[in-house]
Amino acid sequence: ALVTGSACGAFQAFSLFVKAKEVPAAGPCPAGGEGVQWRCCRQAFEELSGIHRHVALQHAGDIGQQAELTAKQAAAEVSPSSGPAPAGNADGLNGHSRSSPEIFCTLPDTSHVSYDDLTSKVGEVLLYYCYCEVKDPEKLCTWQKALCQHLHLTGKVRVASEGINGTVGGSKVATNLYVEVMLSQPLFKDILCQEDFKSSAGGAHCFPDLRVGVFKEIVPMGIDPKIVSYKETGIHLSPQEFHREVEQYLSQASQGQSDTILLDCRNFYESKIGHFQGCLAPDIRKFSYFPNYVDENLEVFKDKRVLMYCTGGIRCERGSAYLRSKAVCREIYQLKGGIHKYLEEFPDGFYRGKLFVFDDRYAICSNEDIVSACRYCGTLWDQYKLCSSQHCRQLVLTCPSCRSKGLTACCPVCQEKELKVTSRASGQTLKEECECTRRRPRVPIEHVSQRMMDAGK
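Note that our numbering has the sequence shown beginning at 8, numbered continuously upward.
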């Protein structure tokens, strides 16, 4: 018999949650053949009753949320009021302003996939974003969390009323299923496409855990999306078009005739290990400083053509919108798909060095150029490590030779602080300070004449 109602939804959510925690047993089961066990919250469960008890006690909230979403979806599917959208709703940029459809909270069937294939360490990391109107961010967040857990994906997903931004890692099978489900989600229909997913070699091991949350912005620029909207972006250029523009810019800049600025929208530690030749790379630590940087350097952009780029394109969406709102630039263009997509087509093009990524890999490589140096001895080096001082989260470039000498902190202040910490009794704390942040202006003022002179070099 077909069971309906909230009980069915709760049972289905419970069963899917337990199924997602299933792993092969260390040895054969007593009855012969291959057995299974369950892993959850860093615990192993040999018996089904054990994992059932654990899930019921520790994850009732997760089960309840998923069951509620399933019930809402079922109700929406049979609702007589659901029908075609009223005529007269004009679509905005790329159709983004259309009426927000219902979020489907389905999870893919993984019964045909072995656990080993689903959790293989040989996989990839996906990077994507989608600007669209989300009426129920909490619902989208809950579905994303359940989907990623179901597919054993790790990473970070930001959800807001303006869309979704994610970077997740897992096996090739898991990421393929994730993309398939995302593309079938009605909320993203006609907006998100296969090309919007940027991939690189990696896997679930590239992230320490899974973090899914609801925020005001899907990329933290610090400006209310209602004030500066993603709908007011610059003109998108394909990698081929952007390549031609950069080529022309470098040719003109070498002769001192360029009226173009090639603007890197990333943070200083990203552009430090890789960037486009002749770019203007702001010495800022966070993207939320970018609006102030623009405000303090409006003269730099006055009457200029601006070519903007970032890692995957998302920061340029809001960044170009903010720059446009100042009405000082002649034209504003942005690289569609970011450096990620550019390197797929031009691995040995005008971008030199490594591409910084926000996971445990820190960087991915497309060419052999090293454009940065060891912080201590100046030898060419571009592999980041975290500062060894436990009170500091700065990244540091220190070569193997210097590390072997104990030079593992980002600056002398942190190096000395670390020595003091190790010599002090436990429980004592030091003031959190760092020479790197103390000496760097929060918003640098550019000297554009020198920049333009050096642009073609």
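Heads up, the beta-carbon is just placed ideally off N, CA and C, and yes, glycines get one too.
Secondary structure of residue i, DSSP reduced to three states
i	result
residue 98	At residue 98, the pLDDT of 35 sits below 50, so the modelled position is not reliable and the matter cannot be decided from this model.
residue 178	strand
residue 44	strand
residue 346	helix
residue 382	coil
residue 449	coil
residue 139	coil
residue 186	helix
residue 24	helix
residue 74	helix
residue 32	strand
residue 198	coil
residue 243	strand
residue 147	helix
residue 2	Since the displayed the chain opens at 8 and closes at 464, residue 2 lies outside it and no answer follows.
residue 192	coil
residue 58	helix
residue 152	helix
C-alpha gap between residue i and residue j, whole angstroms
i	j	result
residue 163	residue 384	35 Å
residue 221	residue 262	49 Å
residue 177	residue 309	45 Å
residue 353	residue 282	13 Å
residue 376	residue 277	15 Å
residue 149	residue 386	47 Å
residue 196	residue 190	7 Å
residue 232	residue 224	7 Å
residue 303	residue 286	18 Å
residue 229	residue 298	8 Å
residue 193	residue 134	20 Å
residue 204	residue 210	15 Å
residue 96	residue 138	Any reading at residue 96 must be qualified, since the residue scores a pLDDT of 35, below 50, and its modelled position is unreliable; no value is offered.
residue 102	residue 108	Only weak support is given to the placement of residue 102: the predicted model assigns it a pLDDT of 38, under 50, and the value that follows is read from those uncertain coordinates. Residue 102 and residue 108: Cα-Cα distance of roughly 13 Å.
residue 90	residue 142	With a pLDDT of only 42 at residue 90, under 50, the local geometry of the prediction cannot be trusted, and no value is derived from it.
residue 236	residue 320	15 Å
residue 115	residue 27	11 Å
residue 182	residue 158	8 Å
residue 295	residue 227	6 Å
residue 300	residue 288	11 Å
residue 218	residue 152	8 Å
residue 202	residue 246	12 Å
residue 198	residue 171	12 Å
residue 311	residue 259	14 Å
residue 59	residue 154	20 Å
residue 214	residue 420	29 Å
Assigned exposure category for residue i - 16 Cβ within 10 Å defines buried
i	result
residue 119	exposed
residue 424	buried
residue 416	buried
residue 452	exposed
residue 361	buried
residue 72	buried
residue 156	buried
residue 50	exposed
residue 234	exposed
residue 132	buried
residue 324	buried
residue 144	buried
residue 65	exposed
residue 350	buried
residue 313	buried
residue 169	buried
residue 264	exposed
Under 8 Å between C-beta atoms of residue i and residue j
i	j	result
residue 363	residue 253	no
residue 174	residue 355	no
residue 404	residue 382	yes
residue 273	residue 317	yes
residue 280	residue 378	yes
residue 339	residue 315	yes
residue 188	residue 124	no
residue 25	residue 62	yes
residue 422	residue 414	yes
residue 406	residue 442	no
residue 67	residue 20	no
residue 147	residue 185	no
residue 359	residue 255	no
residue 341	residue 267	no
residue 305	residue 343	no
Within-8 Å CB hit, residue i to chain B
i	result
residue 373	Absent from the structure is chain B; it holds one protein chain and no more.
Can you give, in chain order, each stretch of the beta strand (DSSP E) that sits fully within the region 208–241 and has at least 3 residues?
217–221
Enumerate, from N- to C-terminal direction, the unbroken alpha helix (DSSP H) stretches of 4 or more residues contained entirely within the region 249–326.
275–278, 297–303, 305–308
Whole alpha helix (DSSP H) runs in the region 347–421 with 4 or more residues, listed along the chain?
407–411
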